[in-house]
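Q:
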Amino acid sequence: MALTRRLTGFQATGKLHLGNLLGALRPLIAAQKAEGSVALIADLHAMTVDHNPTDVRENALELATVLLAAGVDAERTPIVLQSHVREHTELHYLLECVTGFGEAARMIQFKEKSANGGPVRLSLLTYPVLMSADILLYDVEQVPVGDDQRQHLELTRTIAHRFNSRYGETFTVPDGVRPEAAARVMDLADPTVKMSKTVGTGRIGLLDPPEMIRRVVARAVTDEFALVRRDPRQPGVTNLLDILTACTGSVSSATSYRVLKQEVTDAIEALLAPIRARHAELTADPGYVRKVLAAGADRVRPTAAATVARARRAIGLLD
Ligand code: ADP
Ligand code: TRP
């Protein structure tokens, strides 16, 4: 497992949270001994909805800092800013030529985000194809993503198979990687929705101070069963148990919700304290993070260029 090339990406839209760490980032870090894994910061994706240019730039740099703080070893696993490697947009267009309008319009996230009737950017519709380009550029074998991204990964696999069978073997078709626990960490204040960067109040940010972690967990919604067990009728308690298992690898011995919440608080704090400390060190030197991004793009460009050259030739473009 440790020698399998993996890639995963994060939108530069807000602060990373516990769901991002457990669902996608930790599985990437677990495979970083493999030559050819990539940690991607999707800044182009952050422009598929109303955006503030200054925020996109700042979020990109901050996200890179958090990835380093969380343990991405940029010497082994380059941290790449999507907009720094132009092949992402070039391959995006080529892949649009093998994707149906209906396929893109069927994506649940597009349907949800476009449902309120307001103006919708065309890039919101085509964003899963850009995500497919992100993945297929680097010949990776596995893509760790949380459950909310599985449909986009399936689309990627469909497009890659279609391209390969119409125009000749061009892309490696990757598999998804699902963490055993915490593929869908739920919002602690509303365990019927997933923890997210943008909606909900029961989110644990990776840089949240200990007192905030304690407060958010203490207020986590439970139920009146007063039974510490995994049960679909107890989504709040099930979520707490899943988080505990994902953080510690062990199961709870608690018999009350109060004790369970204490265990969860301690487990999260043990996981996040070193990330906070390393983040504080890194912010003292923003020039270093910029260098990491420049080096990351330089490292991966040859692979990206080779993939695009293969795809151009296969689909019918002159050299
Ligand atoms: P968000 O959905 O919070 O805005 P992203 O869209 O940038 O975050 O997601 C980055 C990665 O983190 C994706 O692989 C996504 O599936 C994963 N992820 C996001 N939220 C969760 C969650 N609550 N539980 C598990 N994984 C998640
Ligand atoms: N679309 C993903 C999300 O919103 C982020 C992302 C962009 C990604 N490119 C990717 C995830 C490539 C995995 C692989 O969460």
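Quick note: the sequence shown uses the numbering used here, first residue 2, plus one each step.
Glycine is no exception: its CB is placed at the ideal position from the N, C-alpha and C atoms.
In this text, all values refer to a predicted model and were calculated from it rather than measured experimentally.
My output table needs one value for F172: the three-state DSSP class, helix, strand or coil.
A: Residue state, collapsed to three classes: coil.
Q: Under 8 Å, do P211 and E270 count as touching if we go by C-beta distance?
A: In contact: P211 and E270 (Cβ atoms closer than 8 Å).
Q: Is DSSP giving L207 helix, strand or coil here?
A: Coil at L207, not helix or strand.
Q: Near L294, which residues of its chain fall below 7 Å by C-beta distance, leaving aside the five closest residues on each side in sequence?
A: Closer than 7 Å at Cβ, skipping near neighbours: A65, I80, L82, H85.
Q: List the DSSP bridge partners of K292.
A: None; K292 has no bridge partner.
Q: If A40 sits next to T5, beta carbons under 8 Å apart, how far is it from one beta carbon to the other, in whole angstroms?
A: Between T5 and A40 the Cβ distance is about 15 Å, and since that is not below 8 Å, they are no contact.
Q: Under three-state DSSP, which class holds R58?
A: R58 falls in the helix class under three-state DSSP.
Q: Mind checking Y94: buried by the 16 CB within 10 Å criterion, or exposed?
A: Its Cβ having fewer than 16 others within 10 Å, Y94 is exposed.
Q: Going straight from the alpha carbon of A278 to that of T157, what length do you get?
A: Cα to Cα, the separation comes out at about 37 Å.
Q: Apart from the five residues on each side of it in sequence, which residues of its chain come closer than 8 Å, Cβ to Cβ, to S251?
A: L245.
Q: Do I205 and the ligand TRP come close, with the Cβ less than 7 Å from some heavy atom?
A: Because no heavy atom of the ligand TRP lies under 7 Å away, the Cβ of I205 does not count as near it: no.
Q: Measure the Cβ-Cβ separation of A306 and T171 and say whether it is below 8 Å.
A: Their beta carbons are not under 8 Å apart, which means A306 does not touch T171 by this criterion.
Q: Could you name the residues that DSSP lists as bridge partners for Q12?
A: According to DSSP, which records beta bridges pairwise, Q12 is partnered with A43.
Q: Using three-state DSSP, classify G37 as helix, strand or coil.
A: Three-state result, G37: coil.
Q: Would you kindly check if the distance between the Cβ of L189 and the Cβ of V1 is under 8 Å?
A: In the structure displayed, the chain extends from 2 to 320; residue 1 sits before or after that span and is not available.
Q: May I have the straight-line CA-CA distance separating D44 from R230, to the nearest angstrom?
A: Straight-line Cα distance between these residues: approximately 40 Å.
Q: With distance defined between alpha-carbon atoms, name the residue in A255, G72, R163 nearest to H280.
A: When each option's Cα is compared against that of H280, the closest is G72.
Q: Following a CB-centred definition, is D135 positioned closer than 7 Å to any heavy atom of the ligand TRP?
A: Yes, Cβ of D135 sits closer than 7 Å to a heavy atom of the ligand TRP.
Q: Contact between the segment 97-110 and the segment 50-59 is defined here as three or more beta-carbon pairs at a separation below 8 Å; is this criterion met?
A: No, they do not touch.
Q: Taking the straight line between their C-alpha atoms, what separation do you get for L17 and P120?
A: So the two alpha carbons sit approximately 27 Å from each other.
Q: Out of L26, R87, A227, P28, point me to the one whose CA is closest to P303's CA.
A: For P303, the nearest C-alpha among the options comes from R87.
Q: To the nearest whole angstrom, what separates the beta carbons of G206 and D191, a pair I think is in contact under 8 Å?
A: With a Cβ gap of about 17 Å, G206 and D191 do not count as contacting.
Q: Between the Cα of V217 and those of M187, E97, P287, spot the shortest distance and give me the residue it belongs to.
A: Of the listed residues, the one whose Cα sits closest to V217 is M187.
Q: Using only alpha-carbon positions, find the residue among F226, F164, N240, L208 that is nearest to K195.
A: Among F226, F164, N240, L208, the Cα nearest to that of K195 belongs to N240.
Q: My guess is that G10 and A183 are in contact by the Cβ rule of under 8 Å, so how many angstroms apart are they, rounded?
A: Not really, about 18 Å apart at Cβ, beyond 8 Å.
Q: Which same chain residues, not among the five before or five after A13, have their C-beta less than 7 Å away from its C-beta?
A: Contacts found: I42, A43, D44, A47, V57, N60, A61, L64.
Q: CB of T9 to nearest heavy atom of the ligand GTP: below 7 Å?
A: The ligand content of the structure shown is limited to the ligand ADP and the ligand TRP, which means the ligand GTP is not among them.
Q: Who does V260 pair with in a DSSP beta bridge?
A: Answer by DSSP bridge pairing: none, since V260 is not bridged.
Q: For my contact list, R185 and D148 are in at a C-beta cut-off of 8 Å; report their separation, rounded to the angstrom.
A: Their Cβ separation, rounded to whole angstroms, is 4 Å, which keeps R185 and D148 in contact under 8 Å.
Q: Is M2 buried or exposed, if buried means 16 or more other CB atoms sit within 10 Å of its CB?
A: With a pLDDT of only 48 at M2, under 50, the local geometry of the prediction cannot be trusted, and the value read off the model is given with reservation. So M2 counts as exposed.
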